[in-house]
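Taken in sequence, the protein lines are chains A and B. Throughout, our numbering is defined as the position within the first sequence, counted from one, plus 95. Throughout, our numbering is defined as the position within the second sequence, counted from one, plus 1. Using N, Cα and C, we set each Cβ at its ideal position, and we do this for glycine too.
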Amino acid sequence: MEIKTADYNVWTEGAVIHYEGTLRLSGTDAYQPILELMQGVLAEKPETVVLDLTQLEFLNSSGINLLAKFTIELRKLPDVKLKVLGSTRIPWQSKSLPNLQKLHKGVELSIT
Amino acid sequence: MSIRFGDTQFSNGPQAFGMAVVLSEGPLGVTWQHASATCEFLGDVFATRHAKGGQDYSEARHSIIYLVNELLENAIKFRSPGDIEIRCSLEGGNFELLVRNLASRDVASRFQSLLSEVTSRDPGELLIERIEANAADETSSASGLGILTLMNDYGARLGWNFEDAAQESAILLSTHASLTLN
Chain A
96 MEIKTADYNV
106 WTEGAVIHYE
116 GTLRLSGTDA
126 YQPILELMQG
136 VLAEKPETVV
146 LDLTQLEFLN
156 SSGINLLAKF
166 TIELRKLPDV
176 KLKVLGSTRI
186 PWQSKSLPNL
196 QKLHKGVELS
206 IT
Chain B
2 MSIRFGDTQF
12 SNGPQAFGMA
22 VVLSEGPLGV
32 TWQHASATCE
42 FLGDVFATRH
52 AKGGQDYSEA
62 RHSIIYLVNE
72 LLENAIKFRS
82 PGDIEIRCSL
92 EGGNFELLVR
102 NLASRDVASR
112 FQSLLSEVTS
122 RDPGELLIER
132 IEANAADETS
142 SASGLGILTL
152 MNDYGARLGW
162 NFEDAAQESA
172 ILLSTHASLT
182 LN
């Protein structure tokens, strides 16, 4: 599965979801296709879902809400682990990703 | 009549490095893409200026872009027809932003009730609460998250001023933001 535009690219490799570029969509509806792609990975019932954000340079607050919503969905599935990969090179990740752990203590967050 | 919320005081003086941009209702209108283009431009200009003092360019650019984009997205989403005025200044690592636009009385009054909650609670706690509420309600538009992430994750100081506008049906909304750049 892949969603590709001039500004961003979101694709899956097994249960790893990769994000690349700049995501500043206008709200919940605009993010729906990306949420559906993420839910498609969940439907395969993997042991671990990985969100690889290490190439996602910018994300607006509606996009942060998308990650938060997905994290809450995972909280309801205690058998599925959620791993979030970030980069110290990209400032928003160290600032905003720790919020995901407040929503779901089981999130394994690795910002390197 | 004027109603204020939060911190509307600016401290940068007339000698600060500054710039004003107006997004006008021209033949092509103001669109979502203007928020992106404007925040990238202002992020580049002000981070370059900030980095002349030996400070970190990338962190400053990122914070400015996030701040300008979130407030412009709100202005574009919730405005009534009219120009959007953007004023920025930088002095000694203090970045200040003013976004001014018209809003309908209805939108302004709904926004005021959100702001009275935002300015009276701990932003970190409220952020998590709003995210939980948004996730539980399919129809929720996630409004308020931009403001709360700015306050909680970026340490931005925000303030809002609502005044009567020339047209009776509209309110002039000025959003004030300041950010200490590293």
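With a threshold of 16 other CB atoms inside 10 Å of the CB of residue i, please say whether the residue is buried or exposed.
| i | result |
| --- | --- |
| Pro173 (chain A) | exposed |
| Glu71 (chain B) | buried |
| Leu1 (chain B) | Since the first and last residues shown for chain B are 2 and 183, residue 1 (chain B) lies out of range. |
| Asp123 (chain B) | exposed |
| Asp165 (chain B) | exposed |
| Thr166 (chain A) | buried |
| Leu133 (chain A) | Inspection of the sequence shows that residue 133 (chain A) is occupied by Met rather than by Leu. Under this definition Met133 (chain A) is a buried residue. |
| Met152 (chain B) | buried |
| Arg184 (chain A) | exposed |
| Glu142 (chain A) | exposed |
| Glu152 (chain A) | buried |
| Gly181 (chain A) | buried |
Rounded to the nearest angstrom, what separates residue i and residue j at their Cα positions?
| i | j | result |
| --- | --- | --- |
| Ile112 (chain A) | Val179 (chain A) | 10 Å |
| Leu128 (chain B) | Ser114 (chain B) | 16 Å |
| Glu131 (chain A) | Val144 (chain A) | 14 Å |
| Gly94 (chain B) | Pro28 (chain B) | 38 Å |
| Thr114 (chain A) | Leu146 (chain A) | Inspection of the sequence shows that residue 114 (chain A) is occupied by Tyr rather than by Thr. Each residue's Cα considered, the two are about 8 Å apart. |
| Thr149 (chain A) | Ala52 (chain B) | 25 Å |
| Ser37 (chain B) | Leu204 (chain A) | 28 Å |
| Lys140 (chain A) | Gly109 (chain A) | 11 Å |
| Ser25 (chain B) | Val31 (chain B) | 7 Å |
| Tyr67 (chain B) | Ala136 (chain B) | 23 Å |
| Leu146 (chain B) | Ala21 (chain B) | 26 Å |
| Pro15 (chain B) | Gln56 (chain B) | 22 Å |
| Ile17 (chain B) | Arg80 (chain B) | Residue identity check: residue 17 (chain B) is Ala in the sequence provided, not Ile. About 29 Å. |
Would residue i and residue j qualify as a contact pair, given that the criterion is a beta-carbon distance under 8 Å?
| i | j | result |
| --- | --- | --- |
| Ile172 (chain B) | Ala104 (chain B) | yes |
| Ser191 (chain A) | Asp154 (chain B) | yes |
| Leu161 (chain A) | His199 (chain A) | no |
| Gly7 (chain B) | Leu182 (chain B) | no |
| Arg101 (chain B) | Glu86 (chain B) | yes |
| Val23 (chain B) | Gly44 (chain B) | no |
| Pro186 (chain A) | Glu41 (chain B) | no |
| Phe11 (chain B) | Phe47 (chain B) | no |
| Thr123 (chain A) | Tyr103 (chain A) | no |
| Ala157 (chain B) | Leu174 (chain B) | no |
Between which residues of its own chain and residue i is the CB-CB distance below 6 Å, once the five residues before and five after are set aside?
| i | result |
| --- | --- |
| Arg119 (chain A) | Asn155 |
| Glu97 (chain A) | Trp106 |
| Arg5 (chain B) | Asn162 |
Give every residue of the same chain whose Cβ lies closer than 8 Å to the Cβ of residue i, excluding the five residues on either side of it in the sequence, and list them in chain order.
| i | result |
| --- | --- |
| Ala125 (chain A) | Ser157 |
| Arg33 (chain B) | Looking at the sequence provided, one finds Trp at residue 33 (chain B) rather than Arg. Closer than 8 Å at the Cβ level, and outside the excluded window around Trp33 (chain B), lie Glu74 and Ile77. |
| Gly19 (chain B) | Asn13, Arg88, Cys89, Ser90 and Leu91 |
| Ser121 (chain A) | Ser157 |
Any idea which residues DSSP pairs residue i with across the strands?
| i | result |
| --- | --- |
| Tyr114 (chain A) | A:Val105 |
| Gly7 (chain B) | B:Gly160 |
Ordered along the chain, which non-local residues of its own chain (more than five positions away) have a Cβ less than 7 Å from that of residue i?
| i | result |
| --- | --- |
| Val202 (chain A) | Thr166, Leu177, Val179, Leu195 and Gln196 |
| Ile65 (chain B) | Leu43, Gly44, Phe47, Ala48 and Phe96 |
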